[in-house]
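Enquirer: Quick note on this note's numbering: the sequence shown kicks off at 32 and runs consecutively.
Note that beta-carbon positions come from the ideal geometry of N, C-alpha and C, so glycine has one too.
To start, I am sharing the structure in question, which I have written as structure tokens.
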Amino acid sequence: MSDQRASNRVTVNDEYARIDDFLSEYVTNVSRTGVFIRSKTLLPIGTQVQLRFSVLLDDFETIEGEGRVVRLVDTEHERGMGVEFIRLTDASQRILDRLEGHEPEPGEESA
């Protein structure tokens, strides 16, 4: 069987770029009390921010609310801000509960 093709193939995405090259800010970890946001731009401690980011459970879920910058990290390997939650929507709080395993998913019975 011959391997002749009607068109030539071209290699794309030969190298994968790091996520830092495309995004200026993204959440790297989340807890019940706050998030760490990797960012090229650091805000002063005490700055209040509007938050809206997605997490993946069974599907993408959006967490929304307000936070306050409480910690800055600026090292050779990491740059970002610790943001403490001030206020979250009720739906966002339920998502965090599910992330932490404190609440059964909808339709599940608790043990």
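Could you tell me whether the segment 60-80 touches the segment 89-104, using the rule of 3 or more Cβ pairs below 8 Å?
Expert: Segments in contact, yes.
Enquirer: Contact check, residue 84 vs residue 58 under 8 Å by CB: the rounded distance?
Expert: With a Cβ gap of about 5 Å, residue 84 and residue 58 count as contacting.
Enquirer: For residue 102, which three-state DSSP category applies?
Expert: The answer is strand: DSSP assigns residue 102 an E or B state.
Enquirer: What do you reckon, are the CB atoms on residue 68 and residue 104 nearer than 7 Å?
Expert: In this structure, residue 104 does not lie closer than 7 Å to residue 68 by Cβ.
Enquirer: Taking residue 122 as the reference, which of 93, 60, 63 and 64 has the closest Cα?
Expert: For the residues 93, 60, 63 and 64, the minimum Cα distance to residue 122 belongs to 93.
Enquirer: Assuming residue 130 is part of the beta strand (DSSP E), what are its boundary residues?
Expert: Element bounds for residue 130: not the beta strand (DSSP E) but the alpha helix (DSSP H), 121-131.
Enquirer: Alpha carbon to alpha carbon, what distance is there between residue 116 and residue 65?
Expert: Spanning the two alpha carbons is a distance of roughly 5 Å.
Enquirer: Give me the DSSP bridge partner(s) of residue 110.
Expert: In the DSSP output, where bridge partners are listed per residue, residue 110 has 105.
Enquirer: Could you tell me which of 60, 71, 63 and 132 sits nearest to residue 107, measuring between CA atoms?
Expert: Nearest option by C-alpha distance: 71.
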